[in-house]
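Trainee: Position 78 of the sequence shown, counting from 1, maps to 315 under my numbering, and the rest follow consecutively.
Ideal Cβ positions, reconstructed from N, Cα and C, are used throughout, including at glycine.
Have a look at this one.
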Amino acid sequence: MSKTITEIRSMARSHTKTAINTLVGVMRSTKATHAARVSAANAILDRGWGKAPQALQNGEDGALELIHRIERVIVHPEAADEEQEEE
238 MSKTITEIRS MARSHTKTAI NTLVGVMRST KATHAARVSA ANAILDRGWG
288 KAPQALQNGE DGALELIHRI ERVIVHPEAA DEEQEEE
């Protein structure tokens, strides 16, 4: 990792407390829009507890099908070639 990226991360992290306090302020503000309050609350929860797991949809265009296609092309390219010949 380059020194510049490390320095930028360090500078950004030095403002963590202020950023969290700002998010809390927006979340608690009765003058902020509901969307802003929810967004701030989600950001706080994501940083404190991590993002909630996203369910993978299966189906013709679902994420699992995409993962299987990638696997066939990268891990088992001979199977992908055979599949294309069938189409």
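Once DSSP output is grouped into helix, strand and coil, what is the label at Ser251?
Mentor: Reduced to three states, the DSSP call for Ser251 is coil.
Trainee: Look up Ala272 in the DSSP assignment and say whether it is helix, strand or coil.
Mentor: Looking at Ala272 - three-state DSSP - the assignment turns out to be helix.
Trainee: Round the Cβ separation of Asp264 and Ala256 to the nearest angstrom and send it over; I've been treating them as touching at under 8 Å.
Mentor: According to the sequence displayed, residue 264 carries Met and not Asp. Not confirmed; about 13 Å, so no contact.
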